[in-house]
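Numbering (this note's numbering), first residue to last: 528 to 710.
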């Protein structure tokens, strides 16, 4: 039955996965929201919920735009099942935001195969990883993926190696400027 539903890429598959993730999200976050029932807790939980749904939408967009799976929704289903396997991941908003920025970075890395606007894509990928590491420090390990993609796609062009490091320095400068302005 699962094969008959997810074997073709249809909008209903996205709705099914979104409903399933919504159920898991409610089950995991209900013990936090129910006892306190304060406006700020409800607002934070709603923000996390919209981020998770946006995360699923971006994931589906990346899969379909880059033809990573054939005309099926198995990748989306597997992604939804990961939330069932690790429901506690829906509790931490900083990790959710960091994962969203990592997903933006991976989108740029996947699109490197087109060999168009290489420098922009490398900068964007490293920039998003730098921003993600502001929310969750260990996201910086995805910088290895940027360097691996750089080596894999552009073995002969060593000028591009500087670009990801410039992006990380840019994030650091923007972070310092933000801290100076806000304090």
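Just so it is clear, CB atoms sit at the ideal spot from N, CA and C, and this is done for glycine as well.
Distance between residue j and residue i (C-alpha atoms, nearest Å)
i	j	result
residue 570	residue 680	43 Å
residue 706	residue 700	10 Å
residue 696	residue 658	11 Å
residue 596	residue 671	24 Å
residue 630	residue 689	22 Å
residue 566	residue 576	15 Å
residue 589	residue 634	6 Å
residue 686	residue 645	11 Å
residue 710	residue 660	21 Å
residue 698	residue 584	26 Å
residue 537	residue 703	45 Å
residue 614	residue 592	28 Å
residue 564	residue 608	29 Å
residue 548	residue 684	43 Å
residue 678	residue 561	50 Å
Assigned exposure category for residue i - 16 Cβ within 10 Å defines buried
i	result
residue 676	buried
residue 691	buried
residue 655	buried
residue 632	buried
residue 664	exposed
residue 636	buried
residue 669	buried
residue 587	buried
residue 546	exposed
residue 666	buried
residue 650	buried
is_contact[residue i, chain C] using C-beta, thresh 9 Å
i	result
residue 675	This model lacks chain C altogether; it includes just one protein chain.
For residue j and residue i, believed in contact at Cβ under 8 Å, the rounded distance
i	j	result
residue 639	residue 648	5 Å
residue 582	residue 627	5 Å
residue 552	residue 579	6 Å
residue 653	residue 673	5 Å
Distance cut-off 8 Å: residue i Cβ against heavy atoms of the ligand HEM
i	result
residue 663	As far as ligands go, the structure on display features none, and thus does not contain the ligand HEM.
Quiz prompt | Inter-stretch contact (C-beta, 8 Å, three-pair minimum) for the stretch 596-605 and the stretch 539-557 | solution = Flag = yes, the stretch 596-605 and the stretch 539-557 touch.
Practice problem: Could you name each continuous alpha helix (DSSP H) segment of 4 residues or more that falls completely within the stretch 608-634, going from the start of the chain to the end? | Solution: Within the stretch 608-634, there are no complete alpha helix (DSSP H) runs of at least 4 residues.
Quiz item: Quick one: any contact between the stretch 547-556 and the stretch 615-635, if contact means 3 or more CB pairs under 8 Å?
Solution: Output reads yes: the stretch 615-635 touches the stretch 547-556.
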